[in-house]
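Novice:
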Amino acid sequence: MRTTVGIIGAGPAGLLLARLLHRAGVDSVVLESRDRAYVEHRQRAGILEQGTADVLRAAGAGERMDREGLRHDGIELRFDRRRHRVDLPALTGGRSVTVYAQTEVCKDLVALQLKEGGPLLFGAEALAVEGAASDRPRIPFRYQGREDVLECDYAVGCDGFWGVARQAVPAGVSRVYERTYPYAWLGVLADVAPSHDELVYARHERGFALLSMRPPAGRHRPGGEAASLPVESFVSRLYLQVPRGTEAGRWSDEEIWDELERRFETDDDWHLERGPVTRKSVTPMRSFVHEPMRHGRLLLAGDAAHIVPPTGAKGLNLAVGDVVTLARALVHEKETGSAELLDTYSATCLRRIWQAERFSHDMTTLLHRAPDATAFDDRLQLARLERIASSRAAGTDLAEGYTGFPLG
Ligand SMILES: Cc1cc2nc3c(=O)[nH]c(=O)nc-3n(C[C@H](O)[C@H](O)[C@H](O)COP(=O)(O)OP(=O)(O)OC[C@H]3O[C@@H](n4cnc5c(N)ncnc54)[C@H](O)[C@@H]3O)c2cc1C
């Protein structure tokens, strides 16, 4: 099998890259080890930066997002039983975010790729990337019980943190920067309308909690952007900080609701609506960057190259930023013969990635309670939150980071 761009992985990075290349007339083949149902139902991110939503629209993949997604103009910080709203457009010159789940982004991109794009093979596991430093990289893969090889001009690793592509970068070339956190997120989906119409980030002495939401599955109203679904029709997505290594099944639904109630408590009459928990999982927290993101004709994008803790809602958005830069570079090479943009791909992406790493780390340490936190650390956290609540400059810094750093 032969193509121009061989893409490993059909997560948001691989699917969007294939879509952008197809629109520009560049051939690709996508290899995905899992089946379609798994790719379309894996619960992960849910906040799209304005730039991400704009890219999906420009790629012709924004129609359902505009109908079913929810524009959010603010987030709430909750600490010391008080509530502070960060007004995103007022602080950023009009920028906002969209609540639209990663599962839905993937469904939209898969449908478009199967209808209009090049081959997308589910159940096709890439085994390695060979000859990355040569003119003809090769991707051996296993598909329908047979082994085959995908030959390409460029191989792109969009295969997530646990994929094979990164391993093809020689040890002497790779540089890894990493931090793990002593806590994780216990996430639940609950079949109840969200108790607040914007996301609530709560800092509490018992640990962090987040109130978020997802559009209801399978329900939508016809029409354009103005016909967005009302927030009351959404389901709740809630998270609790738990110690690293916690098993989701060890928390009963009642214990989860009790703990959420404690961490979200306020001095006013706000209260948390409870409902049936339909899904429970634990997400570890990690910061990770692999440099460089290019080795010869192998390029890395998305979680294959970097991970952020989910507090800043940046993972999916970074993946989108990478593939926009990469698609532009690959199309430029095809049209002009110049590899100039491919040569700067890694450095261009890493500037934005490190800003997102910094932002995600800052948000995480601002809101989570470390197991060894002292009373001094607690006071510092509260002082940082007070500063954001009382200073326009500090609020602007948070709002700019939250709505997204410019694409490279
Ligand atoms: C449990 C969890 C919860 C998260 N929650 C949030 C959140 O709330 N907010 C947020 O912003 N981000 C969140 N993230 C991060 C966000 O989901 C990722 O940043 C995003 O999925 C990155 O997209 P990607 O395409 O780079 O990688 P992925 O989505 O990981 O896709 C990689 C794809 O490659 C495939 N693959 C792997 N190996 C091979 C192989 N050898 N051959 C073929 N295919 C292969 C995988 O099956 C997968 O489909 C979360 C991540 C996880 C793991």
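FYI, the numbering for the sequence shown is 0 to 407, going by numbering that gives the first Met the number 0. Ideal Cβ positions, reconstructed from N, Cα and C, are used throughout, including at glycine. Model, not experiment: these values are computed from the prediction.
So, is TYR344 buried or exposed, given that buried needs 16 or more other C-beta atoms within 10 angstroms?
Specialist: As a first step, residue 344 must be located in the sequence shown, where it is residue number 345. Counting Cβ neighbours within 10 Å, TYR344 comes out buried, since at least 16 surround it.
Novice: Are the beta-carbon atoms of VAL281 and ALA183 separated by less than 8 Å?
Specialist: In the sequence shown, counting from the first residue as 1, residue 281 sits at position 282. In the sequence shown, counting from the first residue as 1, residue 183 sits at position 184. Yes, the Cβ-Cβ distance between VAL281 and ALA183 is below 8 Å.
Novice: Got a sec, what are the start and stop residues for the beta strand (DSSP E) MET212 sits in?
Specialist: By one-based count along the sequence shown, residue 212 stands at place 213. Segment 208-213, the beta strand (DSSP E) holding MET212.
Novice: Check whether the Cβ of GLN101 lies closer than 7 Å to any heavy atom of ligand 1, and answer yes or no.
Specialist: Counting from one through the sequence shown, the residue named residue 101 turns up at place 102. Checking every heavy atom of ligand 1 against the Cβ of GLN101, one is found closer than 7 Å.
Novice: Do HIS195 and GLU75 count as a contact pair if the criterion is CB distance below 8 Å?
Specialist: One-based indexing of the sequence shown puts residue 75 at position 76. One-based indexing of the sequence shown puts residue 195 at position 196. Yes.
Novice: Is CYS151 near ligand 1, judged by its Cβ being under 7 Å from some heavy atom?
Specialist: Within the sequence shown, the letter at position 152 stands for residue 151. Checking the Cβ of CYS151 against ligand 1 gives no.
Novice: For my contact list, GLU150 and ARG296 are in at a C-beta cut-off of 8 Å; report their separation, rounded to the angstrom.
Specialist: Position 151 of the sequence shown, counted from the start, is the residue given in the question as residue 150. Position 297 of the sequence shown, counted from the start, is the residue given in the question as residue 296. In fact, because the Cβ distance is near 11 Å, the residues do not count as touching under 8 Å.
Novice: Find the nearest neighbour of ASP321 within the set GLY311, ALA312, HIS331, ALA346, judged by alpha-carbon distance.
Specialist: Against the sequence shown, residue 321 aligns to sequence position 322. The candidate whose alpha carbon is nearest that of ASP321 is ALA346.
Novice: When you compare the CB positions of LEU126 and ARG141, do they come within less than 8 Å of one another, or not?
Specialist: Within the sequence shown, residue 126 is the residue found at index 127, counting from 1. Within the sequence shown, residue 141 is the residue found at index 142, counting from 1. Contact: yes.
Novice: Going by the C-beta, is SER235 closer than 7 Å to any heavy atom of ligand 1?
Specialist: Along the sequence shown, one-based indexing puts residue 235 at 236. The answer is no for SER235.
Novice: When DSSP labels each residue in this structure, what does LEU366 get in the three-state scheme?
Specialist: Locating residue 366 in the sequence shown gives position 367, counting from the first residue. In the structure shown, LEU366 sits in a helix (DSSP, three-state: H, G or I).
Novice: ASP252: which of GLN354, ARG145, GLU115, LYS279 sits nearest, CA to CA?
Specialist: Position 253 of the sequence shown, counted from the first residue, corresponds to residue 252. Minimum Cα distance to ASP252 is reached at LYS279.
Novice: Using only alpha-carbon positions, find the residue among ASP158, GLY130, GLY68, LEU397 that is nearest to PRO229.
Specialist: For the purposes of this step, residue 229 is taken as residue 230 along the sequence shown, with counting starting at 1. The shortest Cα separation from PRO229 among ASP158, GLY130, GLY68, LEU397 belongs to GLY68.
Novice: According to DSSP, what are the bridge partners of TRP184?
Specialist: To locate residue 184, count along the sequence shown from 1; it is residue 185. Bridge partners of TRP184: GLN240, THR282.
Novice: Does the distance between the C-beta of GLY301 and the nearest non-hydrogen atom of ligand 1 fall short of 7 Å?
Specialist: One-based indexing of the sequence shown puts residue 301 at position 302. It does: the Cβ of GLY301 is within 7 Å (strictly closer) of some heavy atom of ligand 1.
Novice: Given this structure, state the Cα-to-Cα distance separating LEU237 from VAL148, to the nearest angstrom.
Specialist: Within the sequence shown, numbered from 1, the residue matching residue 237 stands at position 238. Within the sequence shown, numbered from 1, the residue matching residue 148 stands at position 149. Rounded to whole angstroms, LEU237 to VAL148 spans 43 Å at the Cα level.
Novice: Just to check, is the beta-carbon of LEU365 closer than 7 Å to a non-hydrogen atom of ligand 1?
Specialist: By one-based count along the sequence shown, residue 365 stands at place 366. Not so, every heavy atom of ligand 1 lies at least 7 Å from the Cβ.
Novice: Are the CB atoms of VAL155 and ILE6 within a distance shorter than 8 Å?
Specialist: The residue you call residue 6 lines up with position 7 of the sequence shown. The residue you call residue 155 lines up with position 156 of the sequence shown. For ILE6 and VAL155, yes; Cβs fall inside 8 Å.
Novice: Any chance the CB of LEU30 is under 7 Å from a heavy atom of ligand 1?
Specialist: Translated into the one-based positions of the sequence shown, residue 30 becomes position 31. LEU30 Cβ: within cutoff of ligand 1.
Novice: Would you mind sorting LYS313 into buried or exposed? The rule is 16 or more other CB atoms within 10 Å of its CB.
Specialist: Within the sequence shown, numbered from 1, the residue matching residue 313 stands at position 314. By the 10 Å Cβ count, LYS313 comes out buried.
Novice: Assign ALA226 to one of three DSSP states: helix, strand, or coil.
Specialist: Translated into the one-based positions of the sequence shown, residue 226 becomes position 227. Note on ALA226: pLDDT 46, under 50, position unreliable in the model; no value is reported.
Novice: How long is the line joining the alpha carbons of ASP377 and VAL29, rounded to whole angstroms?
Specialist: The residue given as residue 377 occupies position 378 in the sequence shown. The residue given as residue 29 occupies position 30 in the sequence shown. Taking the straight line from one Cα to the other gives about 48 Å.
Novice: From the DSSP secondary-structure annotation, give me the bridge partner or partners of CYS151.
Specialist: Looking up residue 151 in the sequence shown gives position 152. Looking at the DSSP assignment, CYS151 forms a beta bridge with THR2.
Novice: Using a 10 Å radius around the Cβ and a threshold of 16 neighbouring Cβ atoms, would you call PHE404 buried or exposed?
Specialist: By one-based count along the sequence shown, residue 404 stands at place 405. Counting Cβ neighbours within 10 Å, PHE404 comes out buried, since at least 16 surround it.
Novice: For GLU224, which residues of its own chain have a beta-carbon under 6 Å away from its beta-carbon, when the five flanking residues on both sides are left out?
Specialist: As a working mapping, residue 224 is identified with position 225 in the sequence shown. In this prediction, GLU224 has a pLDDT of 41, which is less than 50 and means its spatial position is unreliable; what the coordinates show is noted afterwards. Within the same chain, GLU224 has close Cβ partners ASP65.
Novice: How many angstroms separate the CA atom of CYS348 from the CA atom of THR324?
Specialist: Walking along the sequence shown from the start, residue 348 turns up at place 349. Walking along the sequence shown from the start, residue 324 turns up at place 325. Taking the straight line from one Cα to the other gives about 7 Å.
Novice: Keeping to the same chain, check which residues put their C-beta closer than 6 Å to that of THR51; ignore five residues upstream and five downstream.
Specialist: As a working mapping, residue 51 is identified with position 52 in the sequence shown. Only ASN316, VAL319 meet the Cβ criterion.
Novice: Can you say whether HIS71 is buried or exposed, counting buried as having 16 or more other CB atoms within 10 angstroms of its CB?
Specialist: Numbered from 1 along the sequence shown, position 72 holds the residue referred to as residue 71. By the 10 Å Cβ count, HIS71 comes out buried.
Novice: Is any heavy atom in ligand 1 found nearer than 7 Å to the beta carbon of ALA382?
Specialist: Residue mapping note: residue 382 aligns to position 383 of the sequence shown, counting from 1. No; taking the cut-off as 7 Å, the Cβ of ALA382 has no heavy atom of ligand 1 nearer than that.
Novice: Rounding to the nearest angstrom, what Cα-Cα distance links ALA23 and ARG56 in this structure?
Specialist: Translated into the one-based positions of the sequence shown, residue 23 becomes position 24. Translated into the one-based positions of the sequence shown, residue 56 becomes position 57. Distance between the alpha carbons of ALA23 and ARG56 is about 15 Å.
Novice: Okay, do the region 255-271 and the region 282-290 touch, 3+ Cβ pairs below 8 Å being the bar?
Specialist: No, the region 255-271 does not touch the region 282-290.
Novice: In whole angstroms, what is the alpha-carbon distance linking ARG218 and ALA201?
Specialist: Reading the sequence shown from its first residue, position 219 is the one you call residue 218. Reading the sequence shown from its first residue, position 202 is the one you call residue 201. With a pLDDT of 49 at ARG218, under the threshold of 50, the predicted position of this residue should be treated as unreliable, and no value is reported.
Novice: Per DSSP, which residues does SER95 bridge with? Please list them.
Specialist: Numbered from its first residue, the sequence shown carries residue 95 at position 96. Paired residues: none, contrary to the question.
Novice: Between ALA312 and ligand 1, is the CB less than 7 Å from at least one heavy atom?
Specialist: Translated into the one-based positions of the sequence shown, residue 312 becomes position 313. Flag set: Cβ of ALA312 near ligand 1.
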